[in-house]
Amino acid sequence: MSNLAALLEDSATRYPDRVAIVFPGQAGDTRLTYAQVNGAANQVANLLVSRGIQPGDKVALSCPNLPYFTIVYFGILKAGATVVPLNVLLKGREVAYHLADSDAKAYFCFQGTAELPIGAEGKAGFDQTDTCEHFFVITADPAAESPIEGAETMGRAMAQQPPTFDTVDTDDDDTAVILYTSGTTGQPKGAELRHRNMRDNALAGDVLFGADAEKPDTYLCVLPLFHSFGQTVIQNGAFAFGGTVVMLPRFEAGPALALMGKEEVTFFAGVPTMYWGLLGALAEADEGSVDVDRLARNLRVAAAGGSALPVEVHKDFEKKFGVTILEGYGLSETSPVASFSPNGQPVRVGSIGVPIPGVEIKLIRPESWDEIDWTPDAVGEIAIKGHNIMKGYYGRPDATDQAIQDGWFRSGDLGRRDEDGWYYIVDRSKDMIIRGGYNVYPREVEEVLMTHPDVSLAAVVGVPHESHGEEVKAFVILNPGATTTAEELVAWGKEEMAAYKYPREVAIVASLPMTATGKILKRELV
């Protein structure tokens with residue numbers, strides 16, 4: 001079957017009693033087997049069909065890392081419909097935009113909390129649309145009454161639905177998921193990902209990570225499931241090989257470390273700030289409160305992506321946990337994995353590895369589609385071709401034509417390639433600073449700053465300057481107890497970097513703005 005839901009169904013057939021999802025709760029842990037998850041997803045599919053949802057219809061989903069996300073996700077797919085996962089931080093106006101832009105016919109939305117009223121914002125967005133016909137609020141207690149006036153609860157709506165369903169056999173090129181880009185320029189666009197895009201990326205886990213259904217991994221899910229990284233590498237990757245997904249709705253380093261020990265986690269994937277957070281929590285933990293040796297014995301795979309991993313974080317994590325972080329690269333438009341550090345080969349710190357099987361990468365000129373003249377130091381825009389490339393941006397043929405040509409997708413990221421074909425991210429093309437005619441790559445400056453003994457984390461941006469066009473500015477978080485001043489960091493940078501690179505302005509801050517996926521929001525710093 002080409003339907004992406006086969007990842008769940010195949011594991012439910014082979015390992016019905018194997019634990020698929022673990023969710024820790026105050027009243028005790030929830031542990032769902034593959035048979036239970038599959039049965040609940042069948043009920044969701046039956047519910048959708050009973051409400052007139054047809055194959056190819058779009059169904060939106062707003063839910064944090066809870067078992068409900070996975071159940072609804074696969075239920076939508078089983079019905080032959082397209083999943084439209086939405087960021088749980090969206091406000092009502094933004095929800096309305098996404099529902100209308102995707103032509104969603106139905107919408108599942110978690111009730112949320114007082115601090116994060118997902119349900120209230122979702123209902124407000126739903127009420128502003130004319131095309132979305134059904135709103136289901138997901139309640140923490142499936143039997144509870146609706147906490148939102150005029151909203152039907154998913155629990156009660158699916159209670160009478162049978163736990164069996166004949167999954168719709170979709171075509172490989174049918175759209176399985178529409179993932180919305182962050183919209184750093186203009187309105188967010190929906191990347192249409194085919195069933196084969198998502199399926200093949202998940203099944204690459206055996207080559208990339210050594211995944212083995214006979215020796216299943218336990219995955220800690222701290223990456224948001226509405227994002228491509230968590231969805232493919234954790235949820236779908238685990239289900240493809242009968243693994244167990246341990247869900248944490250929000251990344252907090254201390255609880256994450258505790259869960260890693262309690263559930264004997266063997267697979268951790270995160271963005272660089274999560275690795276930085278784990279190291280910080282470990283440093284602040286009371287002596288003996290965290291069994292690092294046990295964590296290291298269990299942990300088999302540590303994977304990083306989403307943004308560049310600082311070299312110092314890479315080194316410190318390997319020293320503490322005894323596991324080398326494997327770096328990869330991808331985007332929502334590439335399902336997402338496009339390159340990865342080859343499993344079993346020595347890691348090249350700072351590299352995003354080589355193209356995964358079935359994928360090609362080349363470096364092109366930012367102003368055209370022409371390939372650059374290669375040297376080890378030559379920088380070009382990364383272009384990608386292969387089974388992982390999206391169908392296009394939903395309802396935006398012009399934007400699709402600008403992004404894809406002859407099967408090649410241009411990423412907007414600048415990179416270089418060494419003599420052996422390993423790739424390295426230099427920076428986002430839009431983040432590059434042009435100071436007095438010289439190109440300054442923020443990541444390079446950040447890497448140098450993080451070698452300073454007092455610096456814990458750094459983010460570098462370009463700010464307007466009257467004569468130079470842009471000036472280099474660094475926002476820095478210091479290590480606990482550090483007393484270095486901004487002026488001292490400027491002077492130190494002057495000694496360590498070329499005159500056009502070092503930051504003339506440094507701001508010492510307690511925290512940095514981040515997205516729900518843990519990426520630093522540089523546009524807010526600017």
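In case it helps, the UniProt record's numbering puts the sequence shown at residues 1 to 526. Note that CB positions come from ideal geometry on N, CA and C, so glycine has one too.
Just reading off the alpha helix (DSSP H) that Gly125 is part of, what are its end residues? Working through the sequence shown from its first residue, we reach residue 125 at position 125. Run containing Gly125: Ile118 to Asp127, per the alpha helix (DSSP H) assignment.
Keeping to the same chain, check which residues put their C-beta closer than 6 Å to that of residue 531; ignore five residues upstream and five downstream. Because residue 531 is not part of the residues shown, which for the chain are 1 to 526, the question remains open.
What are the partner residues of Ile356, as DSSP defines its beta bridges? What you label residue 356 is simply residue 356 of the sequence shown in a count that begins at 1. Its beta-bridge partners do not exist; DSSP assigns none.
Go ahead and pull the three-state DSSP assignment for Phe241. Stepping through the sequence shown from its first residue, residue 241 is reached at position 241. The three-state reading of DSSP puts Phe241 in coil, since its state is none of H, G, I, E or B.
Report the rounded CA-to-CA distance for Ser11 versus Arg443, giving the unit in angstroms. Residue 11 sits at position 11 when you count from the first residue of the sequence shown. Residue 443 sits at position 443 when you count from the first residue of the sequence shown. Distance between the alpha carbons of Ser11 and Arg443: 41 Å.
Alpha-carbon to alpha-carbon, Glu149 and His452: Stepping through the sequence shown from its first residue, residue 452 is reached at position 452. Stepping through the sequence shown from its first residue, residue 149 is reached at position 149. Each residue's CA atom was taken as its position, placing His452 and Glu149 some 55 Å apart.
Where Ser411 falls: helix, strand or coil (DSSP): Within the sequence shown, the letter at position 411 stands for residue 411. If DSSP states are grouped into helix, strand and coil, Ser411 belongs with the strands.
Proximity winner among Arg410, Val379 and Gly242, relative to Val426 (alpha-carbon distances): What you label residue 426 is simply residue 426 of the sequence shown in a count that begins at 1. Cα-wise, what sits closest to Val426 is Val379.
Would you report the Cα separation of Phe108 and Thr483, rounded to the nearest angstrom? Looking up residue 108 in the sequence shown gives position 108. Looking up residue 483 in the sequence shown gives position 483. C-alpha separation (whole angstroms): 49 Å.
C-beta contact flag for Phe136 and Glu121 at 8 Å: Taking the sequence shown and counting its residues from 1, the one referred to as residue 136 is at position 136. Taking the sequence shown and counting its residues from 1, the one referred to as residue 121 is at position 121. Not in contact: Phe136 and Glu121 (Cβ atoms no closer than 8 Å).
Helix, strand or coil for Asp293? Go by DSSP, reduced to three states. For this step, residue 293 is matched to residue 293 along the sequence shown. In the structure shown, Asp293 adopts helical secondary structure according to DSSP, grouped into three states.
When you compare only the Cα positions, how much space is there between Thr184 and Leu521? Walking along the sequence shown from the start, residue 184 turns up at place 184. Walking along the sequence shown from the start, residue 521 turns up at place 521. For Thr184, the predicted model reports a pLDDT of 44, less than 50, meaning its position is unreliable; a value from the coordinates is still stated below. The alpha-carbon atoms of Thr184 and Leu521 are separated by roughly 10 Å.
Element boundaries [beta strand (DSSP E), containing Pro464]: The residue you call residue 464 lines up with position 464 of the sequence shown. Unbroken beta strand (DSSP E) run through Pro464: Val455 to His465.
On the three-pair Cβ rule with 8 Å, is the stretch 324-338 touching the stretch 349-365? Touching, yes.
Mapping DSSP to helix, strand and coil, what is Val490? Reading the sequence shown from its first residue, position 490 is the one you call residue 490. It is helical.
Have a look at residue 527 and Thr33 and give me their C-alpha separation to the nearest angstrom. Residue coverage of the chain in this structure runs from 1 to 526, which leaves residue 527 outside it and unanswerable.
Where does Glu496 sit, in a helix, a strand or coil, going by DSSP? Here residue 496 refers to the residue found at position 496 of the sequence shown. Secondary structure of Glu496 (DSSP, three-state): helix.
Identify the continuous alpha helix (DSSP H) that holds Ser11 and give its terminal residues. Residue mapping note: residue 11 aligns to position 11 of the sequence shown, counting from 1. Segment Ala6 to Arg14, the alpha helix (DSSP H) holding Ser11.
Rounding to the nearest angstrom, what Cα-Cα distance links Val290 and Phe239 in this structure? Here residue 290 refers to the residue found at position 290 of the sequence shown. Here residue 239 refers to the residue found at position 239 of the sequence shown. Rounded to whole angstroms, Val290 and Phe239 show a C-alpha spacing of 29 Å.
Ignore the nearest five residues each way along the sequence and tell me which others in Ala161's own chain have a CB closer than 6 Å to its CB. Residue mapping note: residue 161 aligns to position 161 of the sequence shown, counting from 1. The residue you asked about is not Ala; residue 161 is Gln in the sequence shown. Close CB contacts of Gln161 within its chain, under the 6 Å cut and outside five residues either way in sequence, are with Gln43, Asn46 and Leu47 (chain order).
Euclidean distance between Cα positions of Ala79 and Leu257: Reading the sequence shown from its first residue, position 79 is the one you call residue 79. Reading the sequence shown from its first residue, position 257 is the one you call residue 257. Approximately 37 Å between the Cα atoms of the pair.
Given a threshold of 16 other Cβ atoms within 10 Å of its Cβ, counted over all protein chains shown, does Arg365 qualify as buried or as exposed? To locate residue 365, count along the sequence shown from 1; it is residue 365. Classification for Arg365: exposed.
Helix, strand or coil: how does DSSP classify Asn479 here? In the sequence shown, residue 479 corresponds to position 479, counting from 1. Here Asn479 sits in coil by DSSP.
Considering only their Cβ atoms, is the gap separating Ser307 from Thr170 smaller than 8 Å? Indexing the sequence shown from 1 puts residue 170 at position 170. Indexing the sequence shown from 1 puts residue 307 at position 307. It is not a contact, given that the beta carbons lie outside the stated cut-off.
Counting only the same chain and skipping the five closest in sequence on each side, list residues whose C-beta sits under 7 Å from that of Phe226. As a working note, residue 226 is residue 226 in the sequence shown. Within the same chain, Phe226 has close Cβ partners Pro85, Leu86, Asn87 and Val88.
Counted within 10 angstroms of its Cβ, other Cβ atoms place Thr175 as buried (16 or more) or exposed: Counting from 1 along the sequence shown, the entry for residue 175 is found at position 175. Looking at its Cβ environment, which holds 16 or more other Cβ atoms inside 10 Å, Thr175 is buried.
If we ignore side chains and look at the alpha-carbon of each, how far apart do Arg523 and Ala474 end up? Mapped onto the sequence shown, residue 523 falls at position 523. Mapped onto the sequence shown, residue 474 falls at position 474. Taking the straight line joining both Cα atoms gives about 13 Å.
Hey, how far is the Cα of Ile138 from the Cα of Glu287? Sequence index remark: in the sequence shown, residue 138 carries index 138 (1-based). Sequence index remark: in the sequence shown, residue 287 carries index 287 (1-based). Those two C-alpha atoms are separated by around 41 Å.
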